[in-house]
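Numbering (the numbering used here), first residue to last: 39 to 402.
Even for Gly, the Cβ is constructed at its ideal location relative to N, Cα and C.
Quick caveat, the model's predicted, so the values are computed rather than measured.
Contents: one structure, followed by commentary.
So, in structure tokens, the structure goes:
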């Protein structure tokens with residue numbers, strides 16, 4: 039009996055029109071919609087748009103007074119609803135044992151630099167949706183031109199009002215005395231900072247150094263090495279190891295003191311070591327030979343020759359044999375140009391294949 043019922047069930051199932059795939063088809067979680075380029079609009083958004091349209095239509099139909107009264111009622115109703123929602127949320131949190139928190143994090147967005155926040159390290163203000171383009175602002179290039187104009191006006195004010203007051207601080211020039219043999223040279227870049235402005239150059243002459251014997255002076259020349267110029271007898275050295283000019287100047291001063299201390303040391307005078315000048319290139323300047331110098335006899339001879347040449351020119355002018363260059367140029371400009379001979383022009387002779395490649399001269 040069971041076998042007959044099982045066979046009947048299978049036969050009836052095979053004859054059924056509904057397919058098994060449709061019965062057990064998967065269901066999509068999202069909403070199905072046809073292909074369209076328009077954005078998807080939910081029911082809540084449609085309802086909101088309908089309410090907004092109704093408010094706008096009512097505002098257009100009613101008068102200003104009625105619209106203001108109606109709008110005040112709507113705002114009061116909205117505030118009441120918000121208060122009720124907040125109270126219900128606080129009660130729910132109180133029942134759950136958690137304190138209510140309604141502090142939303144303010145999103146900080148960097149705004150572009152304007153006159154209002156110029157100079158701030160990190161100008162931050164407003165929400166992303168609150169940013170508005172400042173159409174009255176100018177470009178960066180124009181801001182640069184304005185800054186340049188301000189700088190020029192600043193220096194013009196300095197030149198007009200503050201520079202004349204420097205005359206009260208002027209001091210008469212006093213040449214350096216014997217007690218000041220060191221000469222320091224500084225480099226200053228006006229109006230800007232430069233890495234090379236910390237460099238200090240020191241120059242001194244070995245003959246000006248006090249309390250040195252000839253032997254000690256020669257030892258000093260040997261100690262400074264390649265910094266000594268044998269032609270000018272000047273020692274030149276520089277320093278830029280430190281950050282400020284004062285530090286570099288102090289280092290050079292201490293170095294000169296150490297050199298003088300070593301030069302005055304009688305332990306070793308370096309007399310057995312010759313002075314090395316291979317680092318310096320001696321440039322020989324040619325001098326005018328004395329044999330070519332102008333003598334009184336030669337001057338008299340040249341004067342007589344010039345007088346004779348002037349006399350001959352006067353005689354030619356009287357006879358008309360002297361050529362006047364200005365007159366020759368004027369006559370050449372007035373005279374018509376000479377006729378030139380006709381230049382033969384090469385043209386193609388004949389047509390077709392017979393005359394191809396042949397040239398004849400035609401005189402015009």
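Under the three-state reduction of DSSP, which class applies to residue 239: helix, strand or coil?
Look at residue 239 here: in three-state DSSP terms it is strand.
Thinking just about the alpha-carbon of each residue, which of 256, 264, 324, 279 is nearest to the one in residue 310?
Here the closest residue by C-alpha is 256.
Rounded C-alpha distance that separates residue 281 from residue 236
Going from the Cα of residue 281 to the Cα of residue 236 covers about 6 Å.
To which residues does DSSP link residue 266 through a beta bridge?
The partner list for residue 266 (beta bridge, DSSP) reads 273.
Span of the beta strand (DSSP E) holding residue 224?
Note, residue 224: beta strand (DSSP E), 221 to 224.
Residue 403 to residue 338, Cα distance in whole Å?
Because the chain spans 39 through 402 in this model, residue 403 falls outside it and cannot be assessed.
Please confirm whether residue 279 and residue 266 have their CB atoms less than 8 Å apart.
Between residue 279 and residue 266, the gap from beta carbon to beta carbon reaches 8 Å or more.
CB contact check: residue 329 to chain D, cutoff 8 Å
Protein chain content of the structure displayed is limited to a single chain, and chain D is not contained in it.
For residue 301, does the count of other Cβ atoms within 10 angstroms reach 16, so buried, or fall short, so exposed?
When all chains shown are included, residue 301 counts as buried.
At a cut of 8 Å, does the region 266 to 276 reach the region 313 to 324 through at least three beta carbon pairs?
In this structure the region 266 to 276 lies against the region 313 to 324, because at least three pairs of beta carbons, one per stretch, are closer than 8 Å.
Does residue 336 come out as helix, strand or coil in the three-state DSSP assignment?
Three-state DSSP puts residue 336 in a helix.
Straight-line Cα distance separating residue 219 from residue 189
In this structure, the straight-line span from the alpha carbon of residue 189 to that of residue 219 is close to 41 Å.
Do you know how far the Cα of residue 342 is from the Cα of residue 348?
The straight-line gap from Cα to Cα measures roughly 10 Å.
Which one of 224, 187, 123, 355 has the shortest CA to CA distance from residue 285?
For the residues 224, 187, 123, 355, the minimum Cα distance to residue 285 belongs to 224.
To the nearest angstrom, how far is it from the Cα of residue 283 to the Cα of residue 205?
Approximately 26 Å between the Cα atoms of the pair.
Could you give the first and the last residue of the continuous alpha helix (DSSP H) run that contains residue 361?
Careful: residue 361 lies outside any alpha helix (DSSP H) and carries neither H nor E.
Considering Cα atoms alone, identify which of 275, 304, 178, 296 is closest to residue 238.
Comparing Cα-Cα distances from residue 238 to each of 275, 304, 178, 296, the minimum goes to 275.
Tell me whether residue 244 sits in a helix, a strand or coil according to DSSP, three-state version.
Residue 244 falls in the helix class under three-state DSSP.
Extent of the continuous alpha helix (DSSP H) to which residue 193 belongs:
According to the DSSP assignment, residue 193 belongs to the alpha helix (DSSP H) that extends over 178 to 195.
Rounded to the nearest angstrom, what separates residue 165 and residue 107 at their Cα positions?
Residue placement at residue 165 cannot be trusted, given a pLDDT of 46 that sits under 50; the coordinates are not used to answer.
Pick from 372, 252, 181, 122: whose alpha carbon is nearest that of residue 304?
Ranking the options by Cα distance to residue 304, first place goes to 252.
Could you check the C-alpha separation between residue 326 and residue 203 for me, to the nearest Å?
About 53 Å.
Taking just the CA atoms, how far does residue 296 sit from residue 243?
CA-to-CA, the gap between residue 243 and residue 296 works out to about 16 Å.
Express the C-alpha separation of residue 110 and residue 129 in angstroms, rounding to a whole number.
Straight-line Cα distance between these residues: approximately 29 Å.
What number of angstroms, rounded off, separates the C-alpha of residue 123 from the C-alpha of residue 112?
Those two C-alpha atoms are separated by around 17 Å.
Residue 381: buried (16+ other C-beta within 10 angstroms of its C-beta) or exposed?
With fewer than 16 other Cβ atoms within 10 Å, it is exposed.
When the Cα atoms are used, what is the spatial distance from residue 367 to residue 361?
Rounded to the nearest angstrom, the two C-alpha atoms are 11 Å apart.
Where residue 258 falls, given that 16 or more other Cβ within 10 Å makes a residue buried
The residue in question, residue 258, is buried, as its Cβ has 16 or more Cβ neighbours within 10 Å.
Between the alpha carbons of residue 201 and residue 228, how many angstroms are there, rounded?
Residue 201 and residue 228 have their C-alpha atoms some 15 Å from each other.
Find the nearest neighbour of residue 217 within the set 248, 374, 369, judged by alpha-carbon distance.
When only C-alpha atoms are compared, the closest one is 248.
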